[in-house]
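**Student:** Chains as they are written, first to last, in the numbering used here: chain A, 1 to 171; chain B, 172 to 543.
Heads up, the beta-carbon is just placed ideally off N, CA and C, and yes, glycines get one too.
Here it is, the structure in full.
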Amino acid sequence: MMKTYKIVVLGDFGVGKTSLIRRYVLDEFSDQYRATMGVHLYKHTDRIATEGGQSEIRLVVWDIEGAPLPSGQTQRYVVGASAALVVGDLTRADPYSAMWSAADMFEEQLPGRPMAFALNKRDLSDAPSPDVVKRMERRYDGPVFETSAMNGEGVLHAFHSLGKSILARNL
Amino acid sequence: MSDFSPGGINPEIVLTAMRAVAIRVSEDLTVREVSGDAFDVQIETDVREAIPALYGMEDVLRDGPPISIPFVQLNDDTTPPVTVSSARDKLTGALWLVLRDVSEESEVQRQLVQNHNALALAEAELRAARDAALAADRTKTSFLANVSHELRTPLHVIIGGASILSKPRSTALDPDEVVGYASDMHESGVLLLQLVDDLIDLSRSETGDLTLYEEWCDLNEIVDKMVGLGRELPDAAGVILEAKHIMKAPRVFADGRRIKQILLNLISNAIKAVAQRSDGEVRVSVDRHDDGSACLIVQDNGPGMSEEDLAIAREPFGQPRAAVRSKGAGLGLAIVDRLAKLHGGALIITTEPGQGLRAFVHFDATRFGDKI
Chain A
1 MMKTYKIVVL GDFGVGKTSL IRRYVLDEFS DQYRATMGVH LYKHTDRIAT EGGQSEIRLV
61 VWDIEGAPLP SGQTQRYVVG ASAALVVGDL TRADPYSAMW SAADMFEEQL PGRPMAFALN
121 KRDLSDAPSP DVVKRMERRY DGPVFETSAM NGEGVLHAFH SLGKSILARN L
Chain B
172 MSDFSPGGIN PEIVLTAMRA VAIRVSEDLT VREVSGDAFD VQIETDVREA IPALYGMEDV
232 LRDGPPISIP FVQLNDDTTP PVTVSSARDK LTGALWLVLR DVSEESEVQR QLVQNHNALA
292 LAEAELRAAR DAALAADRTK TSFLANVSHE LRTPLHVIIG GASILSKPRS TALDPDEVVG
352 YASDMHESGV LLLQLVDDLI DLSRSETGDL TLYEEWCDLN EIVDKMVGLG RELPDAAGVI
412 LEAKHIMKAP RVFADGRRIK QILLNLISNA IKAVAQRSDG EVRVSVDRHD DGSACLIVQD
472 NGPGMSEEDL AIAREPFGQP RAAVRSKGAG LGLAIVDRLA KLHGGALIIT TEPGQGLRAF
532 VHFDATRFGD KI
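This is how it looks when you write it as C-alpha cells:
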C-alpha cells in the first residue's frame, strides 16, 4: 500500500490556514471566518514533479487550531508529522512572531523535518520585506512563499515544495 | 502506560452511552475486535483508514506512551468530531484504541474559540488603526518640522545677503564680494524654488491631484537629454556619466516632462553618491523585457546602502544614517516613487553597502506602442 504522509499546518488564528488547505485540496475559498476547533483532517492525493518525473503522493493534511503560541495540545498534534507548513498573515502589524514560535516548536519536536513558510493574504497587502524573508529561510532552511488563498497564488508551490522534500528524504 | 480494563462494568453499555467504540488492533495496525457500534469500523481493515489521524503515528502507537488526540474532525459530512486515545491492556498487552464522539462539547468549544478569536482580531485591527493614526500624526509633525528647516536655511542666506547689500556701506564692498553675495542669494533662490516645486508635486500626488499629460515619447531621446543635463550638475565634474541605448527604441505613452523629472532625480542622486570617488561612474539605460515591459535603469558605483537606510531614503525628507548628508532635501526618491506609480509602474531599487545602487523604473507593456 502506498505510504500516507502527515503534513501539519501551523500558525496564529485567523491567518488563513484553513483557507490555504481548502484552496489546495478542494480548490475553493470562502471569506467567512470560521474558527477551527481542535484539528481538521484532509486526505489528499497529489502528483508532484520530482527529479525522476511525476510522483504520486498521499497526504493527510492537519489543519490545527491556531494560536499565537503553540500549546501543549498543538505539540501533541504534530507527533509523527513528516513536514510542516507555517502560515503568517501579511496584513498584520507583526506577521512573523507567531510563525517563529510555531517553527521553533516544530523544529524542537521533530528536528530536521522539512518546513515551508506561507506569507498569506498577499492579495491584501504589500510584499514582505526581503530581509525578513531571507532571515526566515536561513534560520529554518525552508522556502518562503507569498500566498493568497483567495486567488490561489503560491498555494500549490508551497504544498508541492513540502511534498518534494518528503519524497526526496523518504520520510 | 495507562490501563484499558473495564473491570466489572459491561463495556458495551458504557461505550454505547458515551457514543464510543473500543478497537483492538494488532501490531500491524489491523482491526481485530470492535466493542460498541457508534462508528462504522470494520474488522480486518487497516485502522488508519478508519482513523486517518493515526497516519504518521505508527511508531508511537507500537512503542511509545499512550496517545490522546482531542477534537479530531475528518473533512467529510458524515463523521462526527472524535477524541482518539490509545491504551494497552494490562493483562494481555493488547493495543486498544478508543474513539469517542465529542460533537456536542466540540461545537460549544468551537463557538467559544470563534468568539474569542473574532474579538481578538477586532482588537488587533483597532490597535493597528490607532497605531497608524498616531504614526500619521507623527509623520505630519515631522514633515512640517523638516519643511520649516529646509525653507529656513536658504531664506537665511537670501535675507543675510540682501541685508548686507542693502546697507549704504555695501558700496565699499569689493565687486567680487558683491558678486559672491548675489550668487549665493541666486543659488538659494533656485534651491527654494526647487523645494517648493517638489513639495507641490508631493502634496498633489498624495491628494491625487497630480495630473499626467500623456503623449508618445521617445525614451532614448529623453535619456540623452537628461544625461546631457546631468553632466552640467555641480557635482558631475570628474564623474563618468554614460547613456546606453537599446537598438530598437521603444516609444512610451507617458508624461514626458515627468519621465524627465524621474530620470534627472535619479541621475542627480547617483552623481551625488559617486562624487567623492576618483572613478565615479553613472550609467543610464533602457532595458526591454520579453513580456513587452521596459525599465529605465540608473546605476552607480557609489557606496550603496543597507535595507534599513534604503527604507529611510525612500521616505520624504529621509536622510539615511550611513550616508553623507546630501545637499537635497530628501524628496527626490519619494517623488520618483509616486511619479512611477502614477504611470502604473514601480520604482525598484537594489543596493547593498559597498555594492553601488541600481534604480529601476518599470513600465508595463501596455504603455508601449510596439510589439516585441
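Considering only residues of the same chain and omitting the five flanking positions on each side of B:Leu518, which have a CB-CB separation below 6 angstroms?
**Tutor:** Val507, Asp508, Ala511, Val532, listed in sequence order.
**Student:** Can you pull the chain A residues whose beta carbon is under 8 angstroms from the beta carbon of B:Leu412, in chain order?
**Tutor:** The premise fails here: B:Leu412 is roughly 29 angstroms from chain A at the closest Cβ pair, so nothing lies under 8 angstroms.
**Student:** For A:Met99, which of helix, strand or coil comes out of DSSP?
**Tutor:** Note: A:Met99 maps to helix in three-state DSSP.
**Student:** Taking C-alpha atoms, which residue in A:Thr36, A:Met105, A:Lys6, A:Ser125 lies nearest to A:Ile57?
**Tutor:** Cα-wise, what sits closest to A:Ile57 is A:Lys6.
**Student:** If you measure from the beta carbon of B:Ala299 to each beta carbon in chain A, is any gap under 7 angstroms?
**Tutor:** True, the Cβ-Cβ gap to chain A drops below 7 angstroms.
**Student:** Please specify which runs of the beta strand (DSSP E), each continuous and at least 3 residues long, are wholly inside the stretch 120-157 of chain A, giving them in chain order.
**Tutor:** Here the runs fully enclosed are 144-146.
**Student:** Could you name the residues of chain B that A:Leu41 contacts, counting a contact when the two beta carbons are closer than 8 angstroms?
**Tutor:** Correct list: Pro223, Ala224, Val243, Gln244, Leu245, Asn246.
**Student:** Tell me, which residues are paired with B:Thr250 by DSSP?
**Tutor:** BP columns for B:Thr250 are empty, so no partner.
**Student:** Return the chain-ordered ranges of every alpha helix (DSSP H) run that is complete within the stretch 6-72 of chain A and spans a minimum of 4 residues.
**Tutor:** If we require 4 residues or more, the alpha helix (DSSP H) runs fully inside the stretch 6-72 of chain A come out as 17-26.
**Student:** Measuring only the C-alpha atoms, how far is A:Asp12 from B:Gln365?
**Tutor:** Cα to Cα, A:Asp12 sits roughly 49 angstroms from B:Gln365.
**Student:** List the residues of chain B that A:Ser82 touches, going by C-beta distances under 8 angstroms, in chain order.
**Tutor:** By Cβ distance, chain B contributes Gly227.
**Student:** Going by CA-CA distance only, name the one from A:His40, A:Arg34, A:Tyr140 that's closest to A:Val61.
**Tutor:** For the residues A:His40, A:Arg34, A:Tyr140, the minimum Cα distance to A:Val61 belongs to A:His40.
**Student:** Near A:Leu167, what residues of its chain come up, given a Cβ to Cβ distance below 8 angstroms and the 5 sequence neighbours on each side ignored?
**Tutor:** Correct list, in chain order: Ile48, Thr50, Ser55, Ile57.
**Student:** Can you tell me whether B:Asp471 is buried or exposed, with buried defined as 16 or more other CB within 10 angstroms of its CB?
**Tutor:** By the neighbour-count rule (16 or more Cβ atoms within 10 Å), B:Asp471 is buried.
**Student:** Answer with yes or no whether the minimum CB distance from A:Phe13 to chain B is below 7 angstroms.
**Tutor:** By this cut-off, A:Phe13 is an interface position.
**Student:** Would you mind sorting A:Pro70 into buried or exposed? The rule is 16 or more other CB atoms within 10 Å of its CB.
**Tutor:** By the 10 Å Cβ count, A:Pro70 comes out buried.
**Student:** Counting along the chain, where does the beta strand (DSSP E) carrying B:Phe424 start and finish?
**Tutor:** Note, B:Phe424: beta strand (DSSP E), 422-425.
**Student:** Give me, in chain order, the residues of the same chain whose beta-carbon lies closer than 8 angstroms to that of B:Val495; leave out the 5 immediate sequence neighbours on both sides.
**Tutor:** Its pLDDT being 49, under 50, B:Val495 is placed unreliably in this model, and the value from its coordinates should be taken loosely. Excluding positions up to five away in sequence, the list reads Gln447.
**Student:** For B:Ala530, which residues of its own chain have a beta-carbon under 6 angstroms away from its beta-carbon, when the five flanking residues on both sides are left out?
**Tutor:** Once the five neighbours on either side are set aside, the close Cβ partners of B:Ala530 are Leu437, Val469, Ile520.
**Student:** Between A:Thr4 and chain B, is any beta-carbon pair separated by less than 7 angstroms?
**Tutor:** Yes, because at least one Cβ of chain B sits closer than 7 angstroms to the Cβ of A:Thr4.
**Student:** Going by DSSP, which residues form a beta bridge with B:Leu270?
**Tutor:** Answer by DSSP bridge pairing, in chain order: B:Val192, B:Val255.
**Student:** Could you run through the stretch 92-106 of chain A and flag, in chain order, every residue whose CB is less than 8 angstroms away from some CB of chain B?
**Tutor:** Under the 8 angstroms Cβ criterion, the stretch 92-106 of chain A contributes Arg92, Ala93.
**Student:** Can you list, in chain order, the residues of its chain whose CB lies under 6 angstroms from that of A:Leu119, leaving out five sequence neighbours each side?
**Tutor:** Same-chain partners within the cutoff: Gly88, Leu90, Pro128, Glu146.
**Student:** Which chain A residues are close to B:Asp302, counting only those with a beta carbon under 9 angstroms from its beta carbon?
**Tutor:** Result: Ala93.
**Student:** Would you report the Cα separation of B:Arg157 and B:Thr382, rounded to the nearest angstrom?
**Tutor:** No answer is possible for residue 157 of chain B: the residues shown for chain B start at 172 and end at 543.
**Student:** Within this structure, are the beta carbons of A:Met115 and A:Tyr96 separated by less than 7 angstroms?
**Tutor:** No, these two residues do not count as a Cβ contact at 7 angstroms.
**Student:** Secondary structure at B:Ala536, three-state DSSP: helix, strand or coil?
**Tutor:** Helix.
**Student:** What separation, rounded to the nearest whole angstrom, lies between the Cα atoms of B:Ser337 and B:Ile329?
**Tutor:** The straight-line gap from Cα to Cα measures roughly 12 angstroms.
**Student:** Please determine if the stretch 404-419 of chain B and the stretch 428-445 of chain B are in contact, where contact requires at least 3 C-beta pairs separated by less than 8 angstroms.
**Tutor:** Touching, yes, given that three or more Cβ pairs across the two stretches are closer than 8 angstroms.
**Student:** In the DSSP assignment, the beta strand (DSSP E) including B:Lys512 goes from what residue to what residue?
**Tutor:** Counting along the chain, B:Lys512 falls outside any beta strand (DSSP E), though it belongs to the alpha helix (DSSP H) covering 503-513.
**Student:** Just to confirm, is the Cβ distance from A:Tyr42 to A:Val155 under 7 angstroms?
**Tutor:** No, the pair does not count as a contact, with Cβ atoms beyond the cut-off.
**Student:** Can you look up A:Ser82 in the DSSP assignment and give me helix, strand or coil?
**Tutor:** Here A:Ser82 sits in coil by DSSP.
**Student:** If B:Arg271 and B:Met189 are in contact, beta carbons under 8 angstroms, what's the gap, nearest whole angstrom?
**Tutor:** About 6 angstroms; that satisfies the 8 angstroms criterion.
**Student:** Rounded to a whole number of angstroms, what is the C-alpha to C-alpha distance between B:Ala505 and B:His320?
**Tutor:** Using only the alpha carbons, I get a separation of about 18 angstroms.
**Student:** Does the distance from the CB of B:Val231 to the CB of B:Val243 come in under 7 angstroms?
**Tutor:** No, Cβ-Cβ distance for B:Val231 and B:Val243 is not below 7 angstroms.
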